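Quick mapping for you: the protein sequence lines, in order, are chains A and B. Residues 10 to 149 in my numbering are what the first sequence lists, from first letter to last. Residues 10 to 149 in my numbering are what the second sequence lists, from first letter to last. Even glycine gets a Cβ: it sits at the ideal position worked out from N, Cα and C. All values derive from a computational prediction rather than experimental measurement. Heads up, the thing below is written out as structure tokens.
2 protein chains.
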Amino acid sequence: MIGPEQAKSEGAVLLANASFYRAFSEGDAATMAELWARSAPVACIHPGAPVLVGREAVLGSWRQILRAEQAFSLRCDSATVQLLGGVALVLCYEGGETEPAHLAATNVFVLEEGAWRMVHHHAGPLSTPIARPSSSALVN
Amino acid sequence: MIGPEQAKSEGAVLLANASFYRAFSEGDAATMAELWARSAPVACIHPGAPVLVGREAVLGSWRQILRAEQAFSLRCDSATVQLLGGVALVLCYEGGETEPAHLAATNVFVLEEGAWRMVHHHAGPLSTPIARPSSSALVN
Numbered sequence: 010m011i012g013p014e015q016a017k018s019e020g021a022v023l024l025a026n027a028s029f030y031r032a033f034s035e036g037d038a039a040t041m042a043e044l045w046a047r048s049a050p051v052a053c054i055h056p057g058a059p060v061l062v063g064r065e066a067v068l069g070s071w072r073q074i075l076r077a078e079q080a081f082s083l084r085c086d087s088a089t090v091q092l093l094g095g096v097a098l099v100l101c102y103e104g105g106e107t108e109p110a111h112l113a114a115t116n117v118f119v120l121e122e123g124a125w126r127m128v129h130h131h132a133g134p135l136s137t138p139i140a141r142p143s144s145s146a147l148v149n
Numbered sequence: 010m011i012g013p014e015q016a017k018s019e020g021a022v023l024l025a026n027a028s029f030y031r032a033f034s035e036g037d038a039a040t041m042a043e044l045w046a047r048s049a050p051v052a053c054i055h056p057g058a059p060v061l062v063g064r065e066a067v068l069g070s071w072r073q074i075l076r077a078e079q080a081f082s083l084r085c086d087s088a089t090v091q092l093l094g095g096v097a098l099v100l101c102y103e104g105g106e107t108e109p110a111h112l113a114a115t116n117v118f119v120l121e122e123g124a125w126r127m128v129h130h131h132a133g134p135l136s137t138p139i140a141r142p143s144s145s146a147l148v149n
């Protein structure tokens with residue numbers, strides 16, 4: 010059982026997480042930049058890639074990814090929120106359109122100026138793709 | 010520039026992170042269990058594998074991995090600590106013995122009863138292995 014405050018926080022984290030996948034799918038670099046923390050330190054590990062540390066390196070990588078011609082919709086399935094006070098982890102699967110999910114992801118958010126902002130994204134390949142849950146939306 | 014308190018916290022987080030790689034390399038399930046948080050929610054994403062949520066599932070996976078006959082030393086290179094109050098992220102590369110690192114990892118710790126305990130481990134393959142820094146120890 011979780012209390013109403015925890016449920017409210019989890020809902021707010023899931024909304025921030027959904028905004029991340031929507032910004033990715035829509036190639037929206039401005040929203041992506043808005044989503045990442047300003048004060049807290051940020052980092053990112055794209056699939057197969059080395060660790061990126063710092064807002065400049067992380068947002069630079071997203072600008073590069075989002076302006077690629079072959080942009081694609083990225084879906085988030087089965088998101089689980091782990092609340093750690095003013096920090097939240099989201100564990101989920103990522104997949105394109107109606108394909109089975111091919112990546113597992115860790116997204117970390119901090120509560121900054123009243124908003125849940127991203128401080129870390131780590132995505133890596135699944136050995137066996139995971140079928141899309143029947144109830145999942147394109148962006149959940 | 011970081012202050013003495015931050016440097017102290019970062020040092021303590023790096024010690025907890027080193028304990029994780031030492032427990033792995035020594036096949037020490039008791040220390041591994043000791044390292045993971047008791048109160049805070051825990052999760053784990055092993056390379057290529059689905060998300061594990063909860064202490065029972067996570068520690069069960071470690072017991073299974075650590076009792077495997079082909080145990081091996083796992084080295085942690087180039088660890089970067091990101092402090093978020095009572096939560097800390099460690100980003101690093103993982104490799105065996107003297108081989109180049111073949112995994113990138115996110116390790117998350119919380120300050121619980123005065124000790125930095127693990128709440129999440131996510132490791133995934135690097136597309137291009139990264140050479141071991143000349144100064145890195147087997148467990149740093």
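Assigned secondary structure, residue i (DSSP; H/G/I helix, E/B strand, else coil)
{"i": "B/VAL51", "result": "coil"}
{"i": "B/ILE11", "result": "coil"}
{"i": "B/ARG141", "result": "coil"}
{"i": "B/GLN73", "result": "helix"}
{"i": "A/LEU147", "result": "Confidence is the limiting factor: at A/LEU147 the pLDDT is only 47, short of 50, which leaves the residue's position unreliable, though a coordinate-based value still follows. Correct three-state label for A/LEU147: coil."}
{"i": "B/ALA97", "result": "strand"}
{"i": "A/GLY57", "result": "strand"}
{"i": "B/SER82", "result": "coil"}
{"i": "A/ALA46", "result": "coil"}
Spatial distance of residue i from residue j (CA atoms)
{"i": "A/ARG47", "j": "A/ARG64", "result": "8 Å"}
{"i": "A/GLN73", "j": "B/VAL99", "result": "25 Å"}
{"i": "B/GLY20", "j": "A/SER18", "result": "31 Å"}
{"i": "A/MET2", "j": "A/HIS129", "result": "No statement about residue 2 of chain A is possible, as the shown extent of chain A runs from 10 to 149 and does not include it."}
{"i": "A/LEU135", "j": "B/VAL60", "result": "10 Å"}
{"i": "B/GLY95", "j": "B/LEU120", "result": "5 Å"}
{"i": "A/ALA113", "j": "A/GLU35", "result": "21 Å"}
{"i": "B/ALA58", "j": "A/GLU122", "result": "35 Å"}
{"i": "B/SER70", "j": "B/GLN79", "result": "15 Å"}
Outcome for residue i when other beta-carbon atoms lying within 10 angstroms are tallied against a minimum of 16
{"i": "B/SER103", "result": "For the record, residue 103 of chain B in the displayed sequence is Glu; it is not Ser. That one is buried."}
{"i": "B/PHE81", "result": "exposed"}
{"i": "B/LEU24", "result": "exposed"}
{"i": "B/ALA146", "result": "For B/ALA146, the predicted structure reports a pLDDT of 48, less than 50, and the residue's modelled location is therefore unreliable. The matter cannot be settled from this model."}
{"i": "B/GLY12", "result": "exposed"}
{"i": "B/THR137", "result": "exposed"}
{"i": "B/SER143", "result": "exposed"}
{"i": "A/GLY133", "result": "buried"}
{"i": "A/THR107", "result": "exposed"}
{"i": "B/ALA49", "result": "buried"}
{"i": "B/ALA77", "result": "exposed"}
{"i": "A/ALA124", "result": "exposed"}
Proximal residues to residue i (C-beta, below 6 Å), its chain only, five neighbours per side dropped
{"i": "B/LEU93", "result": "none"}
{"i": "A/ALA38", "result": "ARG72, LEU75"}
{"i": "A/HIS55", "result": "none"}
{"i": "A/ALA140", "result": "PRO109"}
{"i": "B/HIS131", "result": "ILE54, THR115"}
Neighbourhood of residue i by C-beta distance below 8 Å, restricted to the same chain and skipping five residues each side
{"i": "A/THR89", "result": "VAL99, LEU100, CYS101"}
{"i": "A/GLN15", "result": "LEU92"}
{"i": "A/VAL22", "result": "VAL90, LEU92, ALA97, VAL99, PHE118, TRP125"}
7 Å Cβ shell around residue i - same chain, five flanking residues per side excluded
{"i": "A/TRP45", "result": "VAL51, ARG64, VAL67, LEU68, ARG126, MET127"}
{"i": "B/ALA32", "result": "THR40, MET41, LEU44"}
{"i": "B/VAL62", "result": "ALA52"}
{"i": "B/HIS111", "result": "GLY104, PRO134, LEU135, PRO138"}
{"i": "A/SER87", "result": "CYS101, TYR102, PRO142"}
- Message: So within the segment 101 to 137 of chain B, which uninterrupted beta strand (DSSP E) runs reach at least 3 residues, ignoring any that extend past its ends?
- Response: Entirely contained in the segment 101 to 137 of chain B, the beta strand (DSSP E) runs reaching 3 residues are, in chain order, 110 to 121.
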